[in-house]
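What follows is a short report on a single structure.
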Amino acid sequence: MHSDRHASPLLKLLAWCGLGLLHLPLLVIALYAFNTESAAFSFPLQGFTLQWFAAAARRPDILDAVWLSLQVAAAATLLALLLGTLAALAMWRHRFFGKEAFSMLLVLPIALPGIITGLALLASFQRLGIEPGMLTLIVSHATFCVVIVFNNVLARFRRTSLSLIEASLDLGANGWQTFRYVVLPNLATAMLAGGLLAFALSFDEIIVTTFTAGHEKTLPIWLLGQLTRPRDVPITNVVALAVMLATVLPILGAYYLTKDTDTVAGSGK
C-alpha cells in the first residue's frame with residue numbers, strides 16, 4: 001500500500017538527526033585533516049593547511065599500502081565480476097538440484113561476521129599449505145565481492161526480456177553473438193555498478209584482511225597500526241579521508257548508474 005502523504009516535521013527531524021549521528025564522526029575526521037595544529041583533535045581548529053597532505057604523499061609506507069590496496073581491490077573485483085556474472089547467469093537460465101542452497105552459499109560470506117569468515121579462510125589456506133600473502137588477500141576479498149556482483153547482475157537478468165534473446169536467435173545469431181550484442185549491453189551498467197561496489201568494499205576491508213594478509217600491509221591495516229602513534233594523527237586523518245573518498249565515490253557512481261533502471265527492462269548502456 002502506498003501513501004502520498006508527506007512525512008511529519010518530527011519524523012523529518014528524527015531522520016536528519018539519525019543521519020547526523022552517522023556522519024558527524026566522518027566530518028570531524030575530514031575537518032581535522034586540514035587543521036594546522038599537529039596536536040590530536042585540538043579544538044577549535046587553529047587554521048587551514050594542506051601540509052599534512054604533502055607530508056602523507058612523501059611517506060613511502062603510505063604509498064606502498066595504497067598501491068597494495070589498489071592491486072588487491074582491482075584483482076578481487078575482476079575475479080568477482082567473472083564469477084559473479086557466471087553464477088547469476090546459471091541461476092537465471094537453469095534449473096538444477098540444490099539451486100536455492102547454492103544461492104544461499106553465495107551470500108553466506110558477506111552475511112557471516114567478518115571474524116568468522118576470516119578464521120574460516122585462514123584455516124582453509126593453512127590446510128592447503130598456502131602462506132598468507134597477496135594471493136590469499138585477493139581470494140579472500142573475492143569471496144565476499146562475488147556476492148555484490150551476483151546480486152546486481154541477477155537483478156538485471158530478471159528484468160531482461162527473454163523475447164530479446166529469442167528474437168536474436170530467430171534472426172540467425174549464435175549463442176556467443178546473442179550474448180555479445182544483446183545480453184552483455186543490457187548487463188553493462190549492472191556489472192559496472194557491481195564492480196564499483198565490490199572495489200569499494202575490498203579497498204577498506206579490515207577484519208578478513210587481518211587474518212589473511214600475513215606480512216602484507218594494506219591501507220586499512222596501516223591505519224589500524226597508527227592508533228598507537230599519536231604523533232602521526234594529522235597524517236592519519238589525511239589517509240582516513242582518502243579512504244573515505246575512495247569508498248564513497250564508487251558507491252555514488254554505482255547509485256547514479258542504477259537509480260533510473262529499476263523500471264526499465266535491461267536498461268543497459
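Take 1 as the starting number for the sequence shown in full-length UniProt numbering and just add one per residue. We treat Cβ as the ideally placed atom computed from N, Cα and C, and that holds for glycine.
The region 234 to 249 and the region 27 to 38 touch, with three or more beta-carbon pairs separated by less than 8 Å. If only complete runs of 4 or more residues are kept, the region 112 to 155 shows the alpha helix (DSSP H) at 114 to 128, in order along the chain. The region 209 to 228 makes no contact with the region 84 to 96; the number of CB pairs closer than 8 Å stays below 3. Proximity of the region 42 to 58 to the region 100 to 109 falls short of the contact definition, fewer than three beta-carbon pairs being nearer than 8 Å. Exposed is the label assigned to E131, since fewer than 16 other Cβ atoms lie within 10 Å of its Cβ. Per DSSP, reduced to three states, the secondary structure at F203 is helical. By the Cβ criterion, the region 148 to 157 is in contact with the region 189 to 196, since at least three pairs of Cβ atoms, one from each stretch, lie closer than 8 Å. The region 140 to 147 and the region 195 to 202 touch, with three or more beta-carbon pairs separated by less than 8 Å.
Between the region 108 to 126 and the region 179 to 188 there are fewer than three inter-stretch CB-CB distances shorter than 8 Å, so the stretches are not counted as touching. Of L112, D170, A73, L249, the smallest CA-CA separation from M134 is found for A73. The Cβ atoms of S202 and A76 lie closer than 8 Å to each other.
Taking C-beta atoms as the reference points, L137 and T228 fail to come closer than 8 Å. The criterion of a C-beta distance shorter than 8 Å is not satisfied by V28 and L219. If you draw a 10 Å sphere on the C-beta of W16, you find fewer than 16 other C-beta atoms in it, and that means exposed. By the neighbour-count criterion, in which 16 or more other beta carbons inside 10 Å mark a residue as buried, S140 falls on the buried side. Residues of the same chain with a CB within less than 8 Å of the CB of T49, apart from the 5 flanking positions on each side, are F34, N35, T36 in chain order. When DSSP reads this structure, F48 sits in a beta bridge with N35. I207 sits exposed, since fewer than 16 C-beta atoms from the chains shown fall within 10 Å of its C-beta. With 16 or more other Cβ atoms inside 10 Å of its own Cβ, S69 counts as buried.
Excluding the 5 residues flanking it on each side, A246 has same chain C-beta neighbours closer than 8 Å at A200, F203, D204, in chain order.
For L106, the secondary structure class from DSSP, reduced to helix, strand or coil, is helix. DSSP places H94 outside both helix and strand once states are collapsed to three, so it counts as coil. The residue from L81, G20, L63 with its alpha-carbon nearest to that of V243 is L63. The DSSP-derived three-state label of H23 is helix.
Counting of Cβ neighbours within 10 angstroms places V149 among the buried residues, the total reaching 16 or more.
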